[in-house]
Every structure is written in structure tokens, then in C-alpha cells.
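K.L.:
One structure is given below, represented as C-alpha cells, and several questions about it will come after.
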Amino acid sequence: MVLQRNQDNVAVRNEQFTVHYEEIHLQAWRLALYLCGRREDAEDLLAETVAGAIRNFDKLRDVSKFKGWFLKSMRNLHIDHIRRAKRQMDVADFGGDVMVWERLGRYPQIEGPQRSTETRQIFRAIDRLPESLRTPLVLNALEGLDIREIGDVMGLGQSAVKVRIHRARKKLMELLGEDFEVD
């Protein structure tokens, strides 16, 4: 009887997890691809994150924070992978010179040759930002996360997130130069 009840609880927990995960799975995939740069590595990171999240789902007290909790778990796993790789190698290879915008595929919708050139300039500049500025900018501007969600993912307060996004935009404009015009 106790075994059956435990199996029922596991089934309910897995079903609840699935419902919440389905709401964010595309966003999680894009973040994994952004973080890793290579499809195979992104698949591994996503699979590892899902497995860990299923194991720890019952520890999540407020399911309304599932997205931030899940994405933060993914980011932390990625950081752990980088640390392990750095211990194994002097120089880690983060995907060569393949730029973030090329890896993500869906960004942006390019229309015409001039738009294509402008878009490349923007995303090359984004790629040149330090990770601490690039991540909140990408999560906000490209993924549509709000300040609170970004704070949850990055382990920062809302004011720190706002400051980083502001600094990222300012640095982005410096990198693009004053002659650059965005329609």
C-alpha cells in the first residue's frame, strides 16, 4: 500500500513537472544553445538539467518560479562544466569564432542586404560584451525575460540586473559607434 502511494506521488510529481517544462522548453533550448554554442553540447546540457530538475522538483516550494529555477539550474550546470573543462585544459574552447546570433538561428528576422549587415554588426557587438553584461541583455532583449526572472536565473537582485542591462546597452552603443543607426 505504501509503495503504491509513493508510485502515485512520483507520477503526479512527474506530470506536474512536465506541464511546467512544456511551457518553457523552447526558451530552455535556446538558452542551452546560447550557453554552449554547439548543438550536441546544448542537448547534453538540457538533458542533464531536465534530469536534475526532475530529481529536485519536489524541493521547489513555489512552482510559479519554475522558469527561473530551471534556467538558473541550467546556467549553474553550464558554469560547472566550464570549471571542469578549465581544470582539464589550460584554454577552454567555447565554440571558436561562431557568433551567438549564428548559433541561435531564430535571431533575427533578416530583411534585405542592409538589414542583414546591420544585424550582423549588432550581434557581433553583443558577442563582444563580457558575459556578465551579455547574459542579462540577451535574456531580456532576445528571450523576453523580465527583470525579476533574470535576477532569479543569475542570482542577482533586480537593481543589479537593471544596472547590468543599462551598462550592456551603453557598451553596445560604444561598440557600434556613433554612425550606427538602428531603425
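Under the numbering used here, the first residue of the sequence shown carries the number 86, and numbering increases by one thereafter.
The C-beta atom is built at its ideal place from N, Cα and C for all residues, glycine as well.
On a predicted model such as this, the values are computed, not experimentally measured, just so you know.
Measure the C-alpha to C-alpha separation of leucine 260 and arginine 123 and round it to an integer number of angstroms.
P.N.:
If you take the alpha carbons of leucine 260 and arginine 123, they lie about 26 Å apart.
K.L.:
By a C-beta neighbour count over all protein chains shown, 10 Å radius and 16 as the cutoff for buried, is methionine 258 buried or exposed?
P.N.:
exposed
K.L.:
Please tell me whether isoleucine 235 and leucine 227 are closer than 8 Å, where the distance is taken between their beta carbons.
P.N.:
no
K.L.:
Would you tell me roughly how many angstroms separate the C-alpha atoms of valine 215 and phenylalanine 142, rounded to the nearest one?
P.N.:
The sequence given here places proline at residue 215; valine does not occur at that position. Taking the straight line joining both Cα atoms gives about 32 Å.
K.L.:
Taking the C-alpha atoms as reference points, what is the distance between lysine 144 and arginine 252?
P.N.:
35 Å
K.L.:
Beta-carbon within less than 8 Å of valine 162's beta-carbon, same chain only, minus the 5 sequence neighbours each way: which residues are those?
P.N.:
It is worth fixing the name first, because residue 162 is leucine in this sequence and not valine. Hits under 8 Å: Leu130, Glu133, Thr134, Gly137.
K.L.:
What's the C-alpha gap between lysine 256 and glutamine 243?
P.N.:
20 Å
K.L.:
Given a cut-off of 8 Å, decide if arginine 254 and leucine 230 are closer than it, judged by their beta-carbon atoms.
P.N.:
no
K.L.:
Starting from leucine 257, follow the alpha helix (DSSP H) in both directions and report where the run begins and ends.
P.N.:
243-261
K.L.:
With H, G and I counted as helix, E and B as strand and the rest as coil, what does DSSP make of glutamate 133?
P.N.:
If DSSP states are grouped into helix, strand and coil, glutamate 133 belongs with the helices.
K.L.:
Using C-beta distances below 6 Å, list every residue in its chain close to isoleucine 109, excluding the 5 sequence neighbours before and after it, in chain order.
P.N.:
Lys152
K.L.:
Roughly how many whole angstroms lie between the Cα atoms of phenylalanine 155 and alanine 210?
P.N.:
Rounded to the nearest angstrom, the two C-alpha atoms are 28 Å apart.
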